[in-house]
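First up is the structure itself, then whatever we jot down about it.
Residue numbers (our numbering), protein chains in the order written: chain X, 1 to 505; chain Z, 1001 to 1325.
Written as structure tokens, this is what we have:
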């Protein structure tokens, strides 16, 4: 029970008045940062990093962790309310969150997201507390082959389940993969698809630019067209009863949520993967194992809960390799790592031995940050929902302004704003033609990772393809991927057979 | 995604600069009238980035400047993006750039119309060193054993490193030339990923900077075979250099600052002076010692001469690289 006494010491650190105040401040700031499209946990952490020198290192990392957590909660807010994923981790939340908001159930969706985030965060912190050290060793076993297999699995959990037109889904994935190859090729160092020599394409097409374009601008264009017939302002209200209903509703989803948490934690822990594949896989699996898969994508509350548990769990998971191996599992943890180095703390295998106060102070603050985040989030939901009751013309223009700002601010290149405009028009047209947009965005997020690990694995195996199946972990993932790809086909066949039999009866 | 957020952080710093605003004016002919952009030739999280951000915080903490310094990552095209940006900023004294060795190699390898001779050299803050690392499980302890093991593997010995054409691949090429061996070079996204790949057994060797592999060494997971330096390092006293083992192998990564061309002498002097103060700061010296960086400070014409001679050296190494191993 050494762990428990260490954790108790940790709480002694994290429950000082200063640190409690810091957690509350950090979580609130994080929530708003995460709720703004285009601003995510990465920005929040980058923002306050230089300010952390006025407090001791333990308080500083607690502040950063609180912002990190708060932003993960907040990310769901813009996904649900505006249909624009603020960060790649919140893409899957839009699939069912946005339809719920359009049906006037924005409040319920937000509650579901908050509760699910809390469950995911808590379960993963408990896993973290108990298994931190042995799990770090497992993360080391992940080489390029395993990474590739895992990303492929993430794709298939999603692709194989296309309730949409399968052919169109595949077309969109291919388009996304093509977009993902734009920019500098890491392996050869050569620029690809830079359209002559446009410098803006050197750094590739960022996920954010595509997501803001197709979801943000595209959505506004689409809504303008449809609302000429009927104004699509959601009459969202929130009463105390909704909150209780929401929690009662969530109580039925323990299976999905605990599965999402464990999955999220493990995928998040792997150095290269992170919260985005985790949330997509969790969504895909929830849909596969659901009794009513056809209701997903049309406002199923489980479709909000599944990705939200997973992405919060993954955000905890990604702290693990950062602390124990000194490698960040996500861009945000990369910044946290930078912060630790500046405070003179060296992340890596020695940290848990030499800096126990710091490590356990941080772990215990994850518990408090999580609790603070869910309470503050639920308290703020009426405010978020109220924002939706703005007149449509005002909301539309505001969303457009946010889109342009959110696209321009990160890189400060006008190039990206033009891209957003282009993707916006393209997204609108694709939507009119009934092409699913999610696979496009998904492919752009996961494409570079998949390509990189595939080529690294092949290079190190001297071009031997059997490398992927000769390693137990990657073979397992590939087998799972094959099953998930085949599953919808089998289901379809079964349905056909059933249909053939039906008239005979 | 990696480079997308740093600028936003930078904007926040404008706000935090209010803290620094109370500092006394420095008696100088020229000083920045608006925030200074600190362009980083690499993506976020790498050595250059960490250094630039460290300087930014020291400047802020010690109130070394009245205007904030805002780090901006322009890592696209192995720094081509940053180099071209700096060229376009000709005469703009509110931009400086943190360089690494791609400062020489990128203009040689890609046609971007940049001649580094036109830029204003400010100061070299440090040189980072390289070492050859193996996993302890390999049982390899000496350079002879290493060369033998690589030969025995017949070209399938996996060397992990940063992108092709970048420093790690050049060091690998130097090793191959010296020992008559060949590796399978596995390019990865950054030094951190390379170090863990070695610990996890996904590559057989690396040429990491000591700062990247130090903690795994302390934990007894990886082992340095030899350093590519002229002399042994204080922070790694037991590790021999290639030179003392009879192999003429030396390679360094410079970490310097430059400004666009066309700056006045007063403007150049301002930055050189500031960097001098940074060089003398205790935070920097402590950081450099912990990270096994050599803080050889160099400015002015000497620095320009150093840049040009290094460029020629790299031209030679790159020529050797063209013939695939």
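Each residue gets a CB set at the ideal place from its N, CA and C atoms; glycine is no exception.
Residue 1110/Z is not a Cβ neighbour of residue 436/X, given a cutoff of 9 Å.
In the DSSP annotation of this structure, the continuous segment of the alpha helix (DSSP H) that includes residue 360/X starts and ends at 356-387. If you draw a 10 Å sphere on the C-beta of residue 289/X, you find fewer than 16 other C-beta atoms in it, and that means exposed. Note that the C-beta distance between residue 1292/Z and residue 1128/Z is below 9 Å.
Under the 9 Å criterion on CB atoms, residue 212/X is classed as non-interfacial with respect to chain Z. For residue 1106/Z and residue 1119/Z, the gap between their C-alpha atoms comes out near 15 Å. From the beta-carbon of residue 460/X, the residues of chain Z found nearer than 8 Å are 1158, 1184, 1186, 1202, 1203.
A direct Cα-Cα distance of roughly 16 Å separates residue 1299/Z from residue 1253/Z.
Rounded to the nearest angstrom, the Cβ distance from residue 274/X to residue 314/X is 6 Å, consistent with a contact under 8 Å. Taking a contact as a CB-CB distance under 8 Å, the pair residue 1033/Z and residue 1069/Z does not count as one, their CB atoms being some 14 Å apart. Under the 9 Å criterion on CB atoms, residue 326/X is classed as interfacial with respect to chain Z. Approximately 6 Å separates the beta-carbon atoms of residue 7/X and residue 364/X; this is inside 8 Å, confirming the contact. Between residue 1125/Z and residue 1256/Z the beta-carbon gap is near 6 Å, inside 8 Å, which marks them as a contact. Contact between the stretch 103-114 of chain X and the stretch 368-381 of chain X is established, with three or more Cβ pairs separated by less than 8 Å. Contact between the stretch 1159-1167 of chain Z and the stretch 1217-1234 of chain Z is absent, with fewer than three C-beta pairs closer than 8 Å. Beta-bridge annotation (DSSP): residue 1187/Z is paired with 1161/Z. Across the structure, residue 1242/Z and residue 312/X are spaced so that their CA atoms are roughly 48 Å apart. Under the 9 Å criterion on CB atoms, residue 1199/Z is classed as interfacial with respect to chain X. At a cut-off of 9 Å, the C-beta of residue 432/X has no neighbouring C-beta in chain Z. Unbroken beta strand (DSSP E) stretches of 3 residues or longer found wholly inside the stretch 1083-1120 of chain Z: 1095-1099, given in chain order.
In the three-state scheme derived from DSSP, where H, G and I count as helix and E and B as strand, residue 1299/Z is classed as strand.
Distances from the CA of residue 85/X to each of 212/X, 69/X, 469/X, 187/X were compared; the closest alpha carbon is that of 212/X. Chain-ordered, the chain Z residues with CB closer than 7 Å to the CB of residue 346/X read 1215. The beta carbons of residue 460/X and residue 143/X sit closer together than 9 Å.
Under the Cβ criterion of 9 Å, residue 1290/Z is counted among the residues facing chain X.
Taking a 10 Å sphere around the C-beta of residue 1204/Z, we find 16 or more other C-beta atoms and assign the residue as buried. Among the residues facing chain X, residue 1084/Z is included, as its CB has a counterpart in that chain under 9 Å away. Using a CB distance below 8 Å, the part of the stretch 378-409 of chain X facing chain Z consists of 409, ordered along the chain.
Here the alpha carbons of residue 1193/Z and residue 1093/Z stand approximately 36 Å from one another. For the stretch 1089-1101 of chain Z, the set of residues with a beta-carbon nearer than 7 Å to any beta-carbon of chain X is empty. Taking 9 Å as the threshold, the shortest C-beta distance from residue 1262/Z to chain X does not fall below it. For residue 1252/Z, DSSP records a beta bridge to 1129/Z. Judged by DSSP in its simplified three-state form, residue 1260/Z adopts coil rather than helix or strand.
For residue 1213/Z, the enclosing alpha helix (DSSP H) begins and ends at 1210-1218. Under DSSP, residue 1134/Z forms a beta bridge with 1205/Z, 1223/Z.
Using a Cβ-Cβ cut-off of 9 Å, residue 1189/Z counts as an interface residue toward chain X, since at least one Cβ of chain X sits closer than that to its own.
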